[in-house]
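Residue numbers (UniProt numbering): 1 to 295. Virtual Cβ for every residue (Gly too), placed ideally from N, Cα, C. Below is one structure, written out as structure tokens; comments come after it.
Structural data, given as structure tokens:
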């Protein structure tokens with residue numbers, strides 16, 4: 001049984017028959033990559049501007065596309081955007097479909113000139129990931145400032161240092177805190193290295209062989225906040241190493257956070273009693289009212 005005509009889809013130019021509904025459902029990614037709506041729209045505006053500068057779009061067409069895309073973005077932000085199952089295959093097709101409804105397909109259809117979803121999704125992922133890393137970087141910097149400040153304030157406090165959970169040598173409380181401070185500082189350094197490789201623009205790489213119109217890739221990269229370009233078009237659209245590298249970095253960060261949390265859990269127990277956890281970060285027991293759990 002055929003579903004909606006393939007001609008309704010962004011890629012449906014050569015098709016006459018409908019797609020099998022099972023294939024349509026399997027191929028949809030909109031419920032995942034809708035998280036990229038803002039990045040996708042910003043990338044589209046930069047793309048449209050570059051096409052205007054090359055004479056592919058005139059000033060009025062660009063203005064209409066920019067206006068329409070900003071309206072689409074507001075719909076996403078307000079929760080009013082309505083996804084059309086079976087039609088909105090991904091965030092790119094959803095945004096362009098809605099743009100066509102707002103400003104008309106004759107103008108909206110020109111937005112995709114010379115562009116492939118291969119480069120679109122790579123751009124969206126890199127921009128989204130960069131923003132997440134920026135947020136984590138900010139949190140890490142603030143956390144390290146707290147570690148440094150508390151270490152200085154509490155430098156006179158002495159505690160047992162443990163090996164194998166047995167008392168070994170006396171150390172300063174600050175020494176324990178700064179041991180994790182150094183670990184998180186290393187994580188911060190690694191994050192910035194990862195971000196350098198994330199923040200490279202594939203826009204203009206096309207499906208795999210570049211752009212036929214010679215649009216200004218540097219201008220688009222600058223507009224979107226990228227540090228540099230990916231100069232090989234196949235590498236730009238084919239490789240997701242930056243995602244894997246970020247996950248590898250995240251696993252190291254979480255390892256350090258887990259160690260730190262485990263120490264605090266032990267040190268907050270009655271047997272150690274070095275720290276007290278705030279009520280805001282604890283839970284109780286449904287059976288034993290005396291308990292305060294470091295959940």
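Assigned with DSSP and collapsed to three states, residue 171 falls in strand. With a cutoff of 7 Å on beta-carbon distance, residue 202 and residue 237 are scored as near each other. An exposed status is given to residue 225, since fewer than 16 other beta-carbon atoms sit within 10 Å of its beta-carbon. When DSSP reads this structure, residue 158 sits in a beta bridge with 172. The straight-line gap separating the alpha-carbon atoms of residue 18 and residue 90 is approximately 18 Å. Per DSSP, reduced to three states, the secondary structure at residue 97 is helical. Ranked by Cα distance from residue 184, the options 84, 136, 167, 107 are led by 136. Annotation: the continuous alpha helix (DSSP H) that includes residue 24 extends over 21-27.
Residue 229 is a Cβ neighbour of residue 221, given a cutoff of 7 Å. For residue 84, no alpha helix (DSSP H) segment is defined, and its DSSP state is neither H nor E. Put simply, of 294, 285, 109 the residue whose alpha carbon is nearest the alpha carbon of residue 269 is 294.
At the C-beta level, residue 127 and residue 39 come within 7 Å of one another.
Contact between residue 155 and residue 174 holds: CB atoms are separated by about 5 Å, below the 8 Å threshold. Assignment of residue 240 by DSSP, reduced to helix, strand and coil, places it in the coil class.
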